[in-house]
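Novice: Each step along the sequence shown adds one to the number in UniProt numbering, with nothing skipped, and position 682 is 682. Even for Gly, the Cβ is constructed at its ideal location relative to N, Cα and C. This is the structure, below, for whatever I ask next.
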Amino acid sequence: MKKIFIAEKPSVAKNIADKFNIKNRQDGYFEGEDYIITWAYGHLFQLYDSKDYNEAMSIWKMDNFPFIPDKFKYKAKEDVKKQVNIIKKLINREDVNEIISATDFDREGELISHEILTCLKATKPIKRILLNEWTPEEIEKGMRNLRNNIDMKPLQDAGMSRQLADWIIGINLTSVSTLKYRNGNNKIINIGRVLLPTLKIIYDRDKEIENFVTSTYYKLLATFNTNKNEFLEGVYYDENDNEKFDNEKTPDSLVSLIKGQKCKILNKEVERKKEKAPSLFNLSGLQGHITSKYNNWTSDKVLKVAQSLYENKYITYPRTDSVLLEESLKAKAERVLNVLKKGEPFEDKIKFSDSKKIFDNSKVESHSAIIPTYIIPKNLSPNESIVYTEIKNRFFMQFMPVAEYDETTLIIKALVDGLKGCFISKGKIEIVTGWKEIEKRDAKDVLLPEVNENDILSIEDVSIGKVVRKPPKPHTEKTLLKIMQTCGKSFKNDDDSNEIMESVLSGFSIGTSATRADTIKKLKDTGYVETKGKSLSCTSLGVSLIENFPVRQLLDLEYTGKLEKTLLDIEKGLCRKEDFLNTIKDFTINAVSLIKNDNSTLLLPASNNKKSTKPVVGKCPLCQGDIIENDKNFGCSNWKTGCKYAIWKNDKYIKTFGKKVTSTMVKKLLKDGKVEFNDLVSKKGTKYTAYLSYGLDKDTGFFSWKMEFKK
1 MKKIFIAEKP
11 SVAKNIADKF
21 NIKNRQDGYF
31 EGEDYIITWA
41 YGHLFQLYDS
51 KDYNEAMSIW
61 KMDNFPFIPD
71 KFKYKAKEDV
81 KKQVNIIKKL
91 INREDVNEII
101 SATDFDREGE
111 LISHEILTCL
121 KATKPIKRIL
131 LNEWTPEEIE
141 KGMRNLRNNI
151 DMKPLQDAGM
161 SRQLADWIIG
171 INLTSVSTLK
181 YRNGNNKIIN
191 IGRVLLPTLK
201 IIYDRDKEIE
211 NFVTSTYYKL
221 LATFNTNKNE
231 FLEGVYYDEN
241 DNEKFDNEKT
251 PDSLVSLIKG
261 QKCKILNKEV
271 ERKKEKAPSL
281 FNLSGLQGHI
291 TSKYNNWTSD
301 KVLKVAQSLY
311 ENKYITYPRT
321 DSVLLEESLK
331 AKAERVLNVL
341 KKGEPFEDKI
351 KFSDSKKIFD
361 NSKVESHSAI
371 IPTYIIPKNL
381 SPNESIVYTE
391 IKNRFFMQFM
401 PVAEYDETTL
411 IIKALVDGLK
421 GCFISKGKIE
431 IVTGWKEIEK
441 RDAKDVLLPE
451 VNENDILSIE
461 DVSIGKVVRK
471 PPKPHTEKTL
481 LKIMQTCGKS
491 FKNDDDSNEI
501 MESVLSGFSI
511 GTSATRADTI
521 KKLKDTGYVE
531 TKGKSLSCTS
541 LGVSLIENFP
551 VRQLLDLEYT
561 GKLEKTLLDI
571 EKGLCRKEDF
581 LNTIKDFTIN
591 AVSLIKNDNS
601 TLLLPASNNK
611 KSTKPVVGKC
621 PLCQGDIIEN
631 DKNFGCSNWK
641 TGCKYAIWKN
651 DKYIKTFGKK
661 VTSTMVKKLL
671 KDGKVEFNDL
681 VSKKGTKYTA
691 YLSYGLDKDT
701 GFFSWKMEFK
711 K
């Protein structure tokens, strides 16, 4: 008898097959003596569209909404039906006696597995393998600690609750909003429980910038000369420790009073300060770091590259909110450290430590921080190399000395009657480079002359510094991700402060680490947000939506944070899925009513009603959008919302046959699923006829042609 693994993707299935030395690959699965390993392509099933429940829903009418099915149903996605049938046959084979779910150990991975096993009506015993990385050793460990799949029910319920809530809110509010506000425009008004509060965060920052009133303040600056003709700078603080003066006259009145006068060093204090390394990366931290440091990176791109590294066994699970490691990982982390540090220029500075600042169970939720595995990467792409190197270096930093510097503070008193304030001069000297050696940061030392308390200095020069207060900076993906992670709470401390971790672990957030990148991408694709360099700002459509949308509750970060917290409670078994969904249904019914009865100004400018002059050649086989003939390709009209279907006019494969991609050919292909090519010539010079079809290759993720010879 055999056991069958169901992996989330082909690359993960291959990792499992490699572990068991299974080389026999069949169509859609690997098979060995004891195990069969098959795979999904992410979600193989999707919820019914509203029109699948009722044909009348295929036409959007106000009277059709709110629409909430009594029972939700699933259907196989069109482009993966072949794999669905393969899995169905495999799990029902007589020689298979157990199913092992091997999807990602998170809400979405559990949902993918649950959909497959439920929709295919699996009746055999189901086990769950829970891993944080896909290395051979971890797979072996996971096999020794298989869980009963029934133990995953809280996680399944949380995944389903998220999915159904987004469907109920999205379908109803998007449809009704589009009907209500489009004013003859063909624009879809996308509404979502995570989309709108995220847009509101960007809107609020835009308003802060717009309403900012520029102001100026002044500082009194002095240059001092020692008795050795050495110089240092100082800033004047009045008797209330204030160095900023709103009126230029105040510091100006002091210039003539102190210029050329003597002064005395009242106090000299040298303090040794330490700067610890930034914490390990969670997904939001990794995305923020890379999008900030490198050009032409988005959060979505970072996640895709990190996911590829994870599936290739080079890093641990990336979709985590934690910045620390479980205490059980100490031995593993030490091994990884010793393997990876070899040959590094700072190898001798890296020494393992089991510090509580690195390993702490109380600050880890589900998955530990992202770290490398012991497997040394080979043939990384340039993008993979960037992400991997940042993760590896951040890991190294945890085990290097703390950076140290001496900060010297001088309090200098001008020997002038009636002057109540003092000047303060500061210097900084790096003592221990520590973890900063990895980043090759140049130390910004500020050197002071060798002086002591009670030394007498002369005031060489006095000037007034003018400082213009600057408005807040627009949000970047880095700053936006941080606010989404903490549900709008701000903290004075750095990214790895206890306050921030406590906020993250509480469950109050906007979206999850797995969905935030997609939310930001969707804001851009829907035309609600635009980018200028690395800055994010609302478009006129985004502004209008925030200012006019009547369901104000959906713009409230606290409300959205509570929903996310409830999903986490379901995951922990503290809340019932049914109670959560009843709340969502009630909210949606009320929201639809608010939109229908809204008398506010239109969200969209009136359309000029000019139809596109680009010809439509057929329907997209992936999403049923229009396939439009463009200058260089035949592409789907829904490309802005993520559909990638396109056939290029200069397609190299078609050119090899001496043919061209024409509108007639594409029309035939879209209608029949294949197109006939006559008078093709083989290498031997023989003419033949063949059919060509075009679709998504699930193994590569790219569209490609397939040839079928005419019988």
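1) Which residues in the same chain as W648 place their Cβ atom closer than 6 Å to its Cβ, once the five residues preceding and following it in sequence are excluded?
2) Please confirm whether I202 and S537 have their CB atoms less than 8 Å apart.
3) Could you pull out every unbroken beta strand (DSSP E) segment of at least 3 residues lying fully inside the stretch 646-679, listed in chain order?
4) Determine the burial state of E133: buried for a count of at least 16 other Cβ atoms within 10 Å of its Cβ, exposed for fewer.
5) Grouping DSSP H, G and I as helix and E and B as strand, with all else coil, what is P435?
6) Beta-carbon separation of T198 and L523 under 8 Å?
7) Compute the beta-carbon to beta-carbon distance between I584 and K577, rounded to the nearest angstrom, for a pair I have assumed lies under 8 Å.
8) By DSSP, does C119 sit in helix, in strand, or in coil?
9) Name the residue from D626, L557, P318, F709 whose alpha carbon lies nearest to the alpha carbon of A646.
10) Contact between the stretch 265-281 and the stretch 340-354: three or more CB pairs below 8 Å?
11) Run through the DSSP bridge pairs and tell me what W39 is partnered with.
12) My output table needs one value for F396: the three-state DSSP class, helix, strand or coil.
13) Expressed to the nearest angstrom, what Euclidean distance is found between the alpha-carbon atoms of I86 and G28?
14) Helix, strand or coil for S292? Go by DSSP, reduced to three states.
15) Compare the Cα-Cα distances from K180 to each of Y559, C643, P550 and report the closest residue.
16) Just checking my contact of N97 with K77 at CB under 8 Å: how many whole Å lie between their CB atoms?
17) Between D166, A102, N183, which has its C-alpha nearest N145's C-alpha?
18) Which residue wins for smallest C-alpha separation from I438, given the options K482, R516, S425, P345?
19) Exposed or buried, L554, counting other C-beta atoms within 10 Å across all chains shown (16 or more means buried)?
20) For a test of the three-state rule: what should DSSP assign to H367, helix, strand or coil?
21) So, with DSSP's three-state summary, where would you put P372?
22) Would you decide whether D348 is buried or exposed? Buried here means 16 or more other CB atoms lie within 10 Å of its CB.
23) When you compare the CB positions of F5 and I22, do they come within less than 8 Å of one another, or not?
24) Please go through the same chain and pick out, in chain order, the residues whose beta-carbon is closer than 6 Å to the beta-carbon of V323, but skip the five residues on each side of it.
25) Could you please give the first and the last residue of the uninterrupted beta strand (DSSP E) stretch that includes G561?
26) Which residues mark the beginning and the end of the beta strand (DSSP E) in which E46 is found?
27) Going by DSSP, what residue range makes up the alpha helix (DSSP H) through G517?
28) Spatial neighbours of K73 within its chain, please: CB distance less than 6 Å, with the 5 preceding and 5 following residues excluded, ordered by chain position.
29) Check whether the Cβ atoms of I411 and C422 sit closer than 8 Å, and answer yes or no.
30) Considering only the beta carbon of each residue, do K655 and F677 sit closer than 8 Å?
31) Using only CA atoms, which one of M707, P621, E629 lies nearest to F657?
32) Going by other Cβ atoms of all chains shown within 10 Å of its Cβ, with 16 needed for buried, is Q485 buried or exposed?
33) Going residue by residue through the stretch 191-279, where are the continuous alpha helix (DSSP H) segments of at least 4 residues, counting only ones entirely within it?
34) What are the boundary residues of the beta strand (DSSP E) that includes T408?
35) Counting pairs of Cβ atoms below 8 Å between the stretch 283-292 and the stretch 100-120, do you hit three or more?
36) Which residue wins for smallest C-alpha separation from L447, given the options K426, N454, I456?
Specialist: Judging by the given coordinates:
1) Residues of the same chain with a CB within less than 6 Å of the CB of W648, apart from the 5 flanking positions on each side, are N633 in chain order.
2) Taking 8 Å as the Cβ cut-off, I202 and S537 qualify as a contacting pair.
3) Within the stretch 646-679, the complete beta strand (DSSP E) runs of at least 3 residues are 646-648.
4) The residue is buried, with at least 16 neighbouring Cβ atoms inside 10 Å.
5) The amino acid at residue 435 is misidentified as Pro; the sequence shows Trp. It is coil, neither helix nor strand.
6) For T198 and L523, yes; Cβs fall inside 8 Å.
7) I584 to K577, Cβ: 11 Å. No contact.
8) It is helical.
9) When C-alpha distances from A646 are compared across D626, L557, P318, F709, the shortest belongs to D626.
10) No contact exists between the stretch 265-281 and the stretch 340-354.
11) Answer is A7, bridged to W39.
12) In this structure, F396 counts as helix in the three-state DSSP scheme.
13) Rounded to the nearest whole angstrom, the CA to CA distance from I86 to G28 is 7 Å.
14) Under the three-state reduction of DSSP, S292 is assigned to helix.
15) Taking only the C-alpha atoms, the option nearest K180 is P550.
16) Here N97 is actually not in contact with K77; their C-beta atoms are around 29 Å apart, not less than 8 Å.
17) Nearest to N145 by C-alpha distance, out of D166, A102, N183, is A102.
18) Ranking the options by Cα distance to I438, first place goes to P345.
19) By the neighbour-count criterion, in which 16 or more other beta carbons inside 10 Å mark a residue as buried, L554 falls on the buried side.
20) Judged by DSSP in its simplified three-state form, H367 adopts coil rather than helix or strand.
21) Residue state for P372 is assigned as strand, using DSSP reduced to three classes.
22) The residue is exposed, with fewer than 16 neighbouring Cβ atoms inside 10 Å.
23) The answer is no: Cβ separation not under 8 Å.
24) S279, L280, N282, A369, D496.
25) Counting along the chain, G561 falls outside any beta strand (DSSP E), though it belongs to the alpha helix (DSSP H) covering 557-571.
26) According to the sequence shown, residue 46 is Gln rather than Glu. Following the DSSP letters along the chain, one finds Q46 inside the beta strand (DSSP E) bounded by residues 45-47.
27) Strictly speaking, residue 517 in this sequence is Ala, with Gly absent from that position. First-last of the alpha helix (DSSP H) with A517: 516-525.
28) Taking C-beta separations shorter than 6 Å and ignoring five residues to either side along the sequence, the partners of K73 in its chain run Y48, following chain order.
29) Taking 8 Å as the cut-off, the beta carbon of I411 is found closer than this to the beta carbon of C422.
30) For the 8 Å CB-CB criterion, K655 and F677 do not form a contact.
31) Considering only alpha carbons, the answer is M707.
32) Q485 should be labelled buried.
33) Counting whole runs of 4 or more residues, the stretch 191-279 contains the alpha helix (DSSP H) stretches 195-210, 249-258.
34) Per DSSP, T408 belongs to the beta strand (DSSP E) from 403-414.
35) Contact fails: fewer than three Cβ-Cβ distances are below 8 Å.
36) Relative to L447, the option among K426, N454, I456 whose CA is nearest is K426.
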